[in-house]
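Chains as they are written, first to last, in the working numbering: chain W, 500 to 850; chain G, 500 to 850.
These notes are about the structure you will find just below.
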């Protein structure tokens, strides 16, 4: 069966429901049972390079050998009052970004974190290992600064310039020019630029510790969760399912850089038939070969999982008459309409 | 009048109220009118060093010149349903830490952020500029990595090893040994270590951009706020008051590294008579000369402000029979009891 056909069947009802909802942000009070934050895992290491300048006036206070923690993962959470037996949802951000991705939109509208909580879902939002409130490992920077290690040992850390993000995230065909139908709040692009934080993922050990930490979170802490990954973390829900299938009640894969279709073995695909999978891409895929390749790879992956007896769905809003969505679809102007589509899929396939 | 006498008068009623409250964490639902996050300020700069390795396979995608944003300040917030006309409270974290300081305690109890919201206060929690979700400036690291700048241009970034934090934060007299009466949840010291994130403050321009951003937050966004600073940010509330007195409805100065008493001019002190000021220190001050010096300087500052006609109070819990509090008193076992003392001071002096 072609993906489009499977999609049309699975989402006929969802589409009707979603278009009926005007997707205005709810304004009634948000009632929270419990909220806070915690860290998953992390490694205590001994270092003499917690500080980088032995001649600094504060060195007497701060430059001492000792133990620091690296590779821990920060998680913020809210459990709504009426969560009942709803499965927790873990919202994982992409490259150069942090959990802020789901907290708000650049133009200050409601993010998916709050919206999912308002739909009675317990919501967990990590900062990936080595990003934002998860900190990062300073040892190599300080060792180089002190002349103890060569410059080549400096970590590879990057931020996406606005010019790169604009086209890579498909706000428009070239920097400063949005697609006529873009759903991204391009008037707030400067605010989006502030959400971009340095990304050390290319310097992390393999496999990325975030994946193991997500498995621990979903297994030990949450006793089963729906994992939603985006872009850089798009395949993390599948990676976690391959570590502990029981812990992943649903895998939502949004705008990944491909679906590893040429990498997954048949045995892995067979494992992945045990978890409901939703893959989602925004619009204007065909305008960028990079994204068309990613989309095609995921389309083939969906087919392959279903051919093996699994339950995978490709959700491509243009097929529903919803146009102009970007890579940052959780921040697009119709972000709550898209959230409703995901919630409907959860209701029909997970709960 | 001696500080102790002023304190005794101001807090007689507060003490009675605070000791009557058992300070058990409230368990009723938290009702939120509005929540989210935003960024204050930030500077768009052009760089060719957003990526640090032109030979990397991903360089074709990521290594492009362009504009990035630096020195922005992340702020998360919650406005409770019954906030009414309560003045917003801004909770500012200290060195090597982030807003997580106020979100939770290392042993997973309720933090001041939620507790203040449960007392109907709009609460705003920033990550200082160049810390955690505020990101940091990668340009120098990448320029050094690419051989374009000397190693000495690397930023000075540090984390406090557990061994340094233990005594500097007065958990006990030496690493691993707590004071017999310590209120810090030392059994969760490993979790506290995970909250420690790299700190670039020693590499920031002077004055620290966080101070100006806090002034902008308190002035333009909040139209007046109570600022609470801790340790590294302890004096930020006073710094902001000296920028715009009208914006600071109350200045709460917790465990600063001294009170700049030898720095402030008489004119500055005269300005500071226009804002209610609360200075707060934990216990075991006399065990560390560094802290005794800081305490004495603040004690003299309180005296000086009051002699000039101001309203400054030194809150030292041991004077109330509350012993064993540490530098991290917002995370100590009696953190909600201490929050009640602060709330009482706010009610009596600000609102």
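Positions of the beta carbon are idealized from the N, C-alpha and C atoms, including for glycine.
If distances are taken between C-alpha atoms only, which option among W:694, W:560, W:556 comes closest to residue 607 (chain W)? W:694
Tell me the residue span of the alpha helix (DSSP H) that contains residue 838 (chain W). 834–848
Contact criterion: CB-CB distance below 8 angstroms. Does residue 680 (chain W) meet it with respect to chain G? no
Residues bridged to residue 698 (chain G) by DSSP? G:657
Hey, is residue 520 (chain W)'s beta-carbon within less than 8 angstroms of any beta-carbon in chain G? Its pLDDT being 40, under 50, residue 520 (chain W) is placed unreliably in this model, and the coordinates cannot settle the point.
Minimum length 4: unbroken alpha helix (DSSP H) runs contained in the region 558–595 of chain G: 558–561
Whose C-beta lies closer than 6 angstroms to the C-beta of residue 589 (chain G) among residues of the same chain, with five residues either side of it excluded? 623, 724, 726
Compare the C-alpha of residue 619 (chain G) against each of G:580, G:630, G:816 and name the closest. G:580
Report the residues of the region 687–701 of chain G with a CB closer than 8 angstroms to any CB of chain W, ordered along the chain. 689, 690, 692, 693, 694, 695, 696, 697, 701
I want to see whether chain B comes within less than 8 angstroms of residue 794 (chain W), judged by CB atoms only; does it? In the displayed structure, chain B is absent; the protein chains listed are W and G.
Per-residue contacts from residue 643 (chain W) into chain G (C-beta, under 8 angstroms): 643, 650, 653
Could you tell me the alpha carbon to alpha carbon distance between residue 521 (chain G) and residue 836 (chain G), rounded to whole angstroms? Residue placement at residue 521 (chain G) is poorly supported in this model, since its pLDDT is 44, which falls under 50; the coordinates are not used for a value here.
Any chance you could list the beta strand (DSSP E) runs of at least 3 consecutive residues sitting entirely within the region 608–671 of chain W, in chain order? 622–626
Return the CA-CA distance between residue 605 (chain G) and residue 537 (chain W), expressed in angstroms with no decimal places. 8 angstroms
How many whole angstroms separate the CB atoms of residue 548 (chain G) and residue 645 (chain G), which I take to be in contact at a CB cut-off of 8 angstroms? 7 angstroms
Among W:578, W:742, W:810, W:802, whose alpha-carbon lies nearest the alpha-carbon of residue 772 (chain W)? W:810
CB-CB under 7 angstroms to residue 602 (chain W), same chain, minus the five flanking residues each way: which ones, in chain order? 610, 612
Identify each residue in the region 728–752 of chain G for which the Cβ-Cβ distance to at least one residue of chain W is less than 7 angstroms, and report them in chain order. none
Check whether chain W comes within 8 angstroms of residue 564 (chain G), counting only Cβ atoms and requiring the distance to be less than that. yes
Report the start-end ranges of each alpha helix (DSSP H) in the region 673–731 of chain G that is 4 residues or longer and not cut off at the edges. 688–694, 708–715
Per DSSP, which one or two residues make a beta bridge with residue 534 (chain W)? W:577
Under 7 angstroms between beta-carbons, which chain G residues line up against residue 532 (chain W)? List them in chain order, please. 528
Which residues of chain W have a Cβ atom closer than 8 angstroms to the Cβ of residue 613 (chain G), listed in chain order? 534, 535
Can you give me the C-alpha to C-alpha distance between residue 754 (chain G) and residue 742 (chain G), rounded to a whole angstrom? 22 angstroms
Reference residue 543 (chain G); option with closest CA among W:567, W:739, W:692, W:758: W:692
Name, going along the chain, the residues of the region 549–562 of chain G whose beta-carbon falls closer than 9 angstroms to a beta-carbon of chain W. 549, 550, 551, 552, 555, 557, 560, 561, 562
One question on the structure: do residue 769 (chain W) and residue 731 (chain W) come within less than 8 angstroms of each other, judged by their Cβ atoms? no
For residue 631 (chain W), return the contacting residues in chain G, with the cut-off set at a CB-CB distance below 7 angstroms. 631, 632
What separation, rounded to the nearest whole angstrom, lies between the Cα atoms of residue 541 (chain G) and residue 702 (chain W)? 27 angstroms
Within 10 Å of its beta-carbon, does residue 690 (chain W) have 16 or more other beta-carbons around it, so buried, or fewer, so exposed? buried
Check the DSSP bridge columns for residue 774 (chain W) and list the partner residues they point to. For residue 774 (chain W), which the question treats as bridged, DSSP gives no partner whatsoever.
For the region 774–834 of chain G, list the beta strand (DSSP E) runs that are entirely contained and at least 3 residues long, ordered along the chain. 776–779, 811–814
C-alpha distance - residue 637 (chain G) paired with residue 715 (chain W), whole-angstrom precision: 31 angstroms
Which one of G:785, G:632, G:698, G:628 has the shortest CA to CA distance from residue 712 (chain G)? G:628
If I'm right that residue 564 (chain G) touches residue 546 (chain G) with Cβ under 8 angstroms, what's the distance once you round it to whole angstroms? 7 angstroms
Suppose you measure from the CA of residue 575 (chain G) to the CA of residue 799 (chain W); what does that come to, to the nearest Å? 40 angstroms
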